[in-house]
Amino acid sequence: MTVEPRRRNDPERRQRIVDATLIVIERHGVAGTTHRRIAEAAAVPLGSVTYYFASLEDLLTTAFLQLATTSSGAFGARLDAAATRSEAIEGVIDIIAGSIWADPRTLLLSYELYAYAARHPEVTTVMQQWMDNSRAALGRFFDPVTARALDALVEGIGIHNSIDSAPLDRDAIRMIVDRITRVA
Numbered sequence: 112m113t114v115e116p117r118r119r120n121d122p123e124r125r126q127r128i129v130d131a132t133l134i135v136i137e138r139h140g141v142a143g144t145t146h147r148r149i150a151e152a153a154a155v156p157l158g159s160v161t162y163y164f165a166s167l168e169d170l171l172t173t174a175f176l177q178l179a180t181t182s183s184g185a186f187g188a189r190l191d192a193a194a195t196r197s198e199a200i201e202g203v204i205d206i207i208a209g210s211i212w213a214d215p216r217t218l219l220l221s222y223e224l225y226a227y228a229a230r231h232p233e234v235t236t237v238m239q240q241w242m243d244n245s246r247a248a249l250g251r252f253f254d255p256v257t258a259r260a261l262d263a264l265v266e267g268i269g270i271h272n273s274i275d276s277a278p279l280d281r282d283a284i285r286m287i288v289d290r291i292t293r294v295a
């Protein structure tokens, strides 16, 4: 029997636990997420999970905060690359049709986050922060109402496209975004 050497100094352990939590949520949903599954996925002793996180709820909140931060960071980076309103519109289309919201893992984890937040009001701050970050990125190019509509559109089309037998293609997404962003 081979025994892995004990890591005396493991500064990445906490982060591995958080990353493993998202993997477990993706595989089993929040309802199937346990300390034991997380420890196994992170390749750490079970006691490490409870050492770093007081409760499973604390760990889930931390993992979902990481998801929100990563996703809103990618969203913001795409819009930060835009210098004009037209480029921002292309950015929104890319976000919906491209690798940010079209990513099945991000969508699945987002579903889990929404359901979890609906039952755990303390997690709604994670959702609100994510929406605030997205709307701030959009707000560089669009008025607040349009930014809010685009933010909802990004998630809504992403969710619908993930399960629709005839998902909207890039041209249809462009037409919808153009209609919302048309200046009166």
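The opening residue of the sequence shown carries number 112 in the working numbering; numbering runs sequentially from there. A virtual CB, placed ideally from N, CA and C, is assigned to each residue, including glycine. Bear in mind the structure is a predicted one, so any value in this text is a computation, not a measurement.
Practice item. Keeping to the same chain, check which residues put their C-beta closer than 6 Å to that of Ala228; ignore five residues upstream and five downstream. Key: Val234, Thr235 and Met238
Review point. For Ala295, does the count of other Cβ atoms within 10 angstroms reach 16, so buried, or fall short, so exposed?
Key: Since pLDDT at Ala295 reaches only 44, below the 50 mark, its modelled position is unreliable, and no value is offered.
Practice item. Go through the segment 214 to 253 residue by residue and report every complete run of the alpha helix (DSSP H) that reaches 4 residues or more, in order. Key: 215 to 230 and 235 to 250
Exercise for review: State the Cα-Cα distance for the pair Gln240 and Pro156, rounded to the nearest angstrom.
Suggested key: 32 Å
Exercise for review: Rounded to whole angstroms, what's the CA-CA distance from Arg246 to Ala192? Just pull it up for me.
Suggested key: The C-alpha of Ala192 is placed about 16 Å away from the C-alpha of Arg246.
Check your understanding: Are the segment 125 to 135 and the segment 160 to 175 touching by the rule of at least three beta carbon pairs closer than 8 Å?
Key -> yes
Exercise for review: Mark Ala154 as exposed unless 16 or more other C-beta atoms lie within 10 angstroms of its C-beta, in which case mark it buried.
Suggested key: exposed
Practice item. Pick out whichever of Gly184, Gln126 and Ile207 has its Cα sitting closest to the Cα of Ser273. Key: Ile207
Exercise for review: Sort Arg124, Ala152 and Leu178 by Cα distance to Arg216 and report the nearest one.
Suggested key: Leu178
Exercise for review: Within the segment 134 to 162, note down every full alpha helix (DSSP H) run reaching 4 residues or more, in order along the chain.
Suggested key: 146 to 153
Practice item. Rounded to whole angstroms, what's the CA-CA distance from Val160 to Ile149? Just pull it up for me. Key: 8 Å
Review point. Among Thr181, Ala188, Ile284 and Arg127, which has the Cα closest to the Cα of Val265?
Key: Nearest C-alpha to Val265: Ile284.
**Study point:** N- and C-terminal bounds of the alpha helix (DSSP H) containing Phe175
**Key:** Where Phe175 is concerned, the enclosing alpha helix (DSSP H) stretches over Leu167 to Asp191.
Point to revise | C-beta atoms of Ala248 and Ile291 nearer than 7 Å | key: no
Review point. If you follow the alpha helix (DSSP H) that Val203 is part of, which residue opens it and which one closes it?
Key: Arg196 to Ala208
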